[in-house]
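Position in the sequence shown counted from 1, then plus 23, gives you our numbering.
Since the structure comes first, as structure tokens, the remarks are kept for the end.
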Amino acid sequence: AQKTGMPEIEIANTNERLILAARFAFSHPWFFISLMTILMKENYKNFKLLKHKLLTIVLEILAREQKAQIGTVIVETGFFQLLLSLYERKIQSADIAPAVRWLKRWPYTVQIVAASREVRARRLEERGRIPRGGVVTESEERALWFSLLEHNFEVISEMIKKNFKYELIQNN
24 AQKTGMPEIE
34 IANTNERLIL
44 AARFAFSHPW
54 FFISLMTILM
64 KENYKNFKLL
74 KHKLLTIVLE
84 ILAREQKAQI
94 GTVIVETGFF
104 QLLLSLYERK
114 IQSADIAPAV
124 RWLKRWPYTV
134 QIVAASREVR
144 ARRLEERGRI
154 PRGGVVTESE
164 ERALWFSLLE
174 HNFEVISEMI
184 KKNFKYELIQ
194 NN
């Protein structure tokens with residue numbers, strides 16, 4: 024956001040998040056139902072993870088995207104990040120094709136931020152915070168999850184390159 028001069032979407036508090044997410048759901052009921060169906064289907068076996076995704080990821084992204092409809096802004100964590108977060112398995116482009124068809128209705132410019140595996144690992148260590156640290160406690164399970172994310176990131180990146188205006192940013 025700093026480099027472009029465009030404002031970044033921020034959600035002030037829980038009430039704003041809930042109101043904006045509800046507004047999105049009512050404005051786009053079929054897409055919302057599709058997202059919720061995928062979320063439930065992909066995550067029903069792990070209630071703790073399902074709850075985490077719904078309350079911390081899905082609601083935040085829906086709220087940010089709803090607020091972004093105001094004008095040209097940067098949504099740092101938006102629908103494309105949501106596609107990465109929904110699945111707990113390796114995806115194929117066919118899995119995300121319906122969402123892509125819906126998203127193509129808007130003139131998105133997507134910034135794909137990529138970093139090498141080594142850089143990402145070093146940053147995680149420096150941060151001292153591991154994503155899903157409270158949800159996925161086994162280190163082997165977490166390693167499998169990171170591998171899964173890398174695969175899904177590649178599938179989603181290729182889909183973005185084929186369907187949207189994009190900019191690739193190497194963040195090494």
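The beta carbon of each residue, even a glycine, is placed where N, CA and C say it ideally should be.
Model, not experiment: these values are computed from the prediction.
Cβ-Cβ distance between residue i and residue j below 7 Å
i, j, result
"N195", "S139", "yes"
"F55", "A48", "yes"
"E31", "I97", "yes"
"E177", "L109", "no"
"I192", "Q134", "yes"
Whole-angstrom distance between residue j and residue i, CA atom to CA atom
i, j, result
"E33", "L41", "13 Å"
"I114", "E173", "11 Å"
"W129", "L167", "34 Å"
"M63", "I179", "20 Å"
"N69", "K127", "31 Å"
"A24", "E164", "Here A24 scores only 44 on pLDDT, less than 50, and its place in the model should not be relied on; the value that follows carries that caveat. Each residue's alpha carbon lies about 34 Å from the other."
"T132", "E148", "31 Å"
"K185", "R150", "34 Å"
"D118", "Q89", "24 Å"
"L43", "L107", "22 Å"
Enclosing beta strand (DSSP E) for residue i [first to last residue]
i, result
"E39", "Element bounds for E39: not the beta strand (DSSP E) but the alpha helix (DSSP H), 37 to 50."
"V133", "132 to 137"
Integer Cβ distance of residue i from residue j, believed to fall under 8 Å
i, j, result
"L73", "Y67", "6 Å"
Segment limits, alpha helix (DSSP H) that includes residue i
i, result
"L72", "70 to 75"
C-beta neighbour in chain B for residue i, strict 7 Å
i, result
"I61", "Absent here is chain B; the protein component of the structure consists of one chain."
Would you call the region 116 to 128 and the region 78 to 85 in contact, with 3 or more CB pairs under 8 Å?
no
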